[in-house]
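Chemist:
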Amino acid sequence: MGAIVSDDNTRDKLKGKAKELIGKATGDKSKEREGKADQAKAAAKKKAAAVRDRVDGAKESLKRRNDS
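FYI, the numbering for the sequence shown is 2 to 69, going by the working numbering.
1) Closer than 6 Å by C-beta to E33: which residues in its own chain qualify, once you throw out the five before and the five after it? Chain order, please.
2) Suppose you measure from the CA of D39 to the CA of S69; what does that come to, to the nearest Å?
3) CA-CA distance, A45 and N67?
4) Go through its chain and collect everything with a Cβ distance to D29's Cβ below 6 Å, but skip five positions before and after it.
5) Taking only the alpha-carbon atoms, compute the straight-line gap between A50 and V56 and give it to the nearest angstrom.
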């Protein structure tokens, strides 16, 4: 799942950066803000996925320790 989320985040981040740059180039502050928001959303999803992966790893580690 991590790779899929990463690909989605990369796409969302790039889409957001494109919106931001288009907004800057055209003077459209709304589009610029929307792009920055998309980038922030992608960053938050990436951090959440990293936390999920760490929790899953810790659960597996505890399970192996208890099974021993």
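Heads up, the beta-carbon is just placed ideally off N, CA and C, and yes, glycines get one too.
Modeler: On the basis of the data shown:
1) E21, G24 and K25
2) 45 Å
3) 33 Å
4) none
5) 10 Å
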